[in-house]
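Quick notes on the structure that follows.
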Amino acid sequence: MTLVGELSLPKLDLSDPGLKGEFWHAGMKSMLDSGQWLAQAPLATVVLEREAGEFFLRSKAAEFPGKLLGQMFGITDGPLHEQIENNIINVGGDAHRRLRGLVNPSLSPRAANGYRPFMRQFLESLWQGAGEADEFDFIESFARPYTSLAISRVMGAPAEDAARLHDWSMWIQRQFDPIALSDPETVQTMQDKVGEFYAWVRPLIETRRATPADDLISSLISAEEEGERLSNTELENLVLNIMVGGVDTTQNQLAHAMRLLAGRPDQWAALRADPETLIPRATMEALRYEPITPFTARQLTEEVVYRDVTFPEGTVLMVCSFTGNRDPEAFAESSIFDISVDRGKSRVLTFGAGHHYCVGANLAKAEIEEALRFFSETFETLEVDGLIELQTVSGIYGIDSLPVRVG
């Protein structure tokens, strides 16, 4: 057996500000070309291959290192600490299974599909508000307000609070970014934002207890499995988790889908011609080709031996969904964005795998599909009309600006 620390591995600096766009794609191709299934980052071992990635994501000997991050950066009290301790992604074992059993029905495919009419209404309203212009920034005009409005409706929050939900999500999401956590001012702002959210959501929960409605909070209040119900603390933190995980992520995955389609007029025309087949396929192809969660972290709770390599207890792993979503046996083909290819039931790692598979995956896919349906019906042509401002892949791989021209 060989200790993982004794291996000679290619180096990957996740803090490199240039790690985006074509440089990101080329760099990860060179990683795969090295023939290694592992790489070394400053704070973690990177898992490049899908099979190995799924093994560690599904392993009972691995947990999300959210609490470790909090401890490393001295977050030992305050609202942010409370949220980290109660975040479903940081809860394991029987407690996690219980929470998933209670929340899953509220975010099932059927439940997510029930919100599609509202998603459509938001898109129509935003298009009218944009004055049906033929040039606009897709992020500012659609991606950001659309996902914020959608999550506010799903949660049962007033539409006028959508911008606040977006602001809270942007800040609280940074708890997963070591660079952000190293800045005391940023951490204090995150503490304040979590506190603001708790102060906002607690009276909303009490209102829904008294007057249930057709929304997620009401559904979670009534959720029951074998006599078990959610406590107030569990309920407010699940709502926070869904909000944080359902704004920035979906906003940017939709933006990447539109960016990719805008550069491929033949695929846009095909999407318009056969929406029933190609809208679900285009959604999954964007998730596969350009995942906005390029890395998913795990920390081993015990020693693990895999492929004759020993990974000691405490090892931090970063499973790379970007490389994991590509087929090493057909790399050239899988490195092309093509919605005409039926990739069957090939799995993507963008939503993770195992017991911590993204709880909001069905909702995210429904939002992206409805947006692609609306835009393909509305825009005959779609093209990039300026400089795209990409973020880096160190956290959520987002887009700051996506200028487009439509016809």
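Residue numbers (this note's numbering): 48 to 454. Backbone N, C-alpha and C fix where the C-beta goes; we use that ideal spot for every residue, glycine too. Remember, it's a predicted structure, so these values are computed and weren't measured experimentally.
Identify, in the order they occur along the chain, each residue of the same chain with its Cβ nearer than 8 Å to the Cβ of residue i, setting aside the five sequence neighbours on each side.
{"i": "ILE326", "result": "LEU318, GLU416, LEU419, ARG420 and SER423"}
{"i": "ARG105", "result": "ALA400, GLY401 and HIS402"}
{"i": "GLN346", "result": "ALA109, GLU110, PHE111, PRO112, LEU115, GLY361, THR362, VAL363 and LEU364"}
{"i": "ARG255", "result": "GLY203, ASP262, ILE264, SER265 and ILE268"}
{"i": "THR348", "result": "ALA108, ALA109, GLU110 and GLU360"}
{"i": "PRO64", "result": "THR439"}
{"i": "ILE252", "result": "ILE264, ILE268, ASN279, LEU282, GLU283 and VAL286"}
Where does the unbroken beta strand (DSSP E) through residue i begin, and where does it stop?
{"i": "GLN346", "result": "342 to 347"}
{"i": "LEU429", "result": "429 to 431"}
{"i": "LEU364", "result": "363 to 367"}
{"i": "TYR193", "result": "Where TYR193 is concerned, there is no enclosing beta strand (DSSP E), although the alpha helix (DSSP H) it sits in stretches over 191 to 202."}
{"i": "THR357", "result": "356 to 358"}
{"i": "PRO450", "result": "450 to 453"}
{"i": "VAL351", "result": "351 to 353"}
{"i": "GLU207", "result": "GLU207 -> no beta strand (DSSP E), and no H or E assigned at all."}
{"i": "ASP374", "result": "It is not in any beta strand (DSSP E) - ASP374 carries neither H nor E in the DSSP assignment."}
{"i": "PHE183", "result": "182 to 184"}
Can you name, in chain order, every residue of its own chain whose Cβ lies under 6 Å from the Cβ of residue i, other than the five neighbours on each side?
{"i": "MET305", "result": "PHE185"}
{"i": "LYS58", "result": "GLN87"}
{"i": "VAL93", "result": "LEU59, ALA86, MET365 and CYS367"}
{"i": "GLU427", "result": "GLY454"}
{"i": "GLU350", "result": "PRO359 and GLU360"}
{"i": "SER381", "result": "ARG373 and ASP374"}
{"i": "THR194", "result": "VAL294, THR297 and GLN298"}
{"i": "GLY242", "result": "PRO126"}
{"i": "ILE386", "result": "GLN314, LEU325, ARG328, ALA329 and GLU332"}
{"i": "GLY117", "result": "ILE131"}
{"i": "GLU436", "result": "ASP447 and SER448"}
Residue range of the alpha helix (DSSP H) that residue i falls in?
{"i": "PRO463", "result": "This structure does not reach residue 463, given that the chain is present from 48 up to 454, and the question cannot be answered."}
{"i": "TYR245", "result": "231 to 257"}
{"i": "TYR336", "result": "322 to 336"}
{"i": "GLU416", "result": "408 to 425"}
{"i": "PHE384", "result": "Run containing PHE384: none; DSSP gives neither H nor E here."}
{"i": "GLU283", "result": "279 to 293"}
{"i": "PHE165", "result": "163 to 176"}
{"i": "ALA270", "result": "No alpha helix (DSSP H) holds ALA270; DSSP gives it neither H nor E."}
{"i": "ILE443", "result": "Looking at the DSSP string, ILE443 is not in any alpha helix (DSSP H), and its letter there is neither H nor E."}
{"i": "ILE339", "result": "Unbroken run through ILE339: none, as it is neither H nor E."}
{"i": "ALA400", "result": "From DSSP, ALA400 is part of no alpha helix (DSSP H); its letter is neither H nor E."}
{"i": "ALA227", "result": "225 to 228"}
Closer than 7 Å by C-beta to residue i: which residues in its own chain qualify, once you throw out the five before and the five after it? Chain order, please.
{"i": "SER155", "result": "ASN409"}
{"i": "ASP432", "result": "GLU182, PRO450, VAL451 and ARG452"}
{"i": "ILE339", "result": "THR296, ASN299, GLN300, HIS303, ILE443, TYR444 and GLY445"}
{"i": "PHE398", "result": "TYR404, CYS405 and ALA408"}
{"i": "LYS240", "result": "TRP215, TRP218 and ILE219"}
{"i": "ALA210", "result": "SER195"}
{"i": "GLU337", "result": "HIS303 and LEU307"}
{"i": "PRO322", "result": "ARG420 and SER423"}
{"i": "MET75", "result": "PHE369 and THR370"}
Measure how close the beta-carbons of residue i and residue j come, nearest whole angstrom, since I'm counting them as under 8 Å.
{"i": "VAL451", "j": "LEU429", "result": "6 Å"}
{"i": "GLY371", "j": "GLY100", "result": "4 Å"}
{"i": "THR297", "j": "THR49", "result": "That belief does not hold up - the Cβ atoms of THR297 and THR49 are roughly 41 Å apart, past 8 Å."}
{"i": "PRO375", "j": "LEU56", "result": "Not really, about 17 Å apart at Cβ, beyond 8 Å."}
{"i": "LEU287", "j": "PHE244", "result": "6 Å"}
{"i": "LEU127", "j": "GLN222", "result": "7 Å"}
{"i": "ALA197", "j": "MET166", "result": "6 Å"}
{"i": "PHE384", "j": "GLU332", "result": "6 Å"}
{"i": "LYS67", "j": "VAL388", "result": "Wrong, their Cβ atoms sit about 25 Å apart, outside the cutoff."}
{"i": "ILE136", "j": "VAL234", "result": "Their Cβ separation, rounded to whole angstroms, is 19 Å, which puts ILE136 and VAL234 out of contact at 8 Å."}
{"i": "LEU173", "j": "PRO152", "result": "That belief does not hold up - the Cβ atoms of LEU173 and PRO152 are roughly 30 Å apart, past 8 Å."}
{"i": "ARG157", "j": "LEU396", "result": "ARG157 to LEU396, Cβ: 25 Å. No contact."}
{"i": "VAL248", "j": "GLU283", "result": "5 Å"}
Name the one or two DSSP bridge partners that residue i has.
{"i": "GLU436", "result": "SER448"}
* Asked: Which residue spans inside the region 73 to 152 form an unbroken alpha helix (DSSP H) run of at least 4?
  -> Whole alpha helix (DSSP H) segments, 4+ residues: 97 to 105, 113 to 119, 125 to 133 and 140 to 150.
* Taking the runs of the alpha helix (DSSP H) that are 4 residues or longer, which of them lie wholly in the region 50 to 74? -> Within the region 50 to 74, no complete alpha helix (DSSP H) run reaches 4 residues.
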